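Undergrad:
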Amino acid sequence: MFTPEEPDQLRDLTNMLRRHDRFLVCADFESYVACQDRVAEAYRDQQKWCRMALMNIASTGKFSTDRTIMEYAKEIWGIEQYESALPAPYET
11 MFTPEEPDQL RDLTNMLRRH DRFLVCADFE SYVACQDRVA EAYRDQQKWC
61 RMALMNIAST GKFSTDRTIM EYAKEIWGIE QYESALPAPY ET
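Sequential numbering of the sequence shown, starting at 11, is according to the working numbering.
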């Protein structure tokens with residue numbers, strides 16, 4: 011398909027993906043492609059796409075990486091917050 015003049019050029023790669031896919035790259039490829047088709051369809055309708063994007067943003071609620079990391083530090087790792095000022099970019 012990609013190298014019709016040299017059909018064996020990608021044999022090792024395709025063999026690895028078909029028989030030794032230890033990271034499961036291909037395990038859900040069919041559903042990935044189906045989902046990408048739905049994404050492309052939604053994107054064609056710009057009003058729908060913008061609404062979906064805004065709903066996604068609004069649904070994040072109180073999630074923030076800073077809050078999450080502070081909770082992990084305190085509740086999981088058992089360490090207290092440490093404040094440190096970063097130097098200005100020109101000082102590094």
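For every residue, glycine included, the Cβ atom is placed at its ideal position computed from N, Cα and C. In this text the structure is predicted, and so the values were computed from the model without any measurement.
In the DSSP assignment, the alpha helix (DSSP H) including Ser74 goes from what residue to what residue?
TA: Note, Ser74: premise wrong, no alpha helix (DSSP H); not H, not E.
Undergrad: For Glu81 and Leu23, I'd like the C-alpha separation in whole angstroms.
TA: Roughly 43 angstroms separates the two Cα atoms.
Undergrad: Could you compute how far the alpha carbon of Lys72 sits from the alpha carbon of Asp18?
TA: Rounded to whole angstroms, Lys72 to Asp18 spans 53 angstroms at the Cα level.
Undergrad: Under three-state DSSP, which class holds Pro14?
TA: Pro14: coil per DSSP, three-state reduction.
Undergrad: Which runs of the alpha helix (DSSP H), 4 residues or longer, sit entirely within the region 24-95?
TA: DSSP runs (the alpha helix (DSSP H)) wholly in the region 24-95: 39-54, 56-68 and 75-81.
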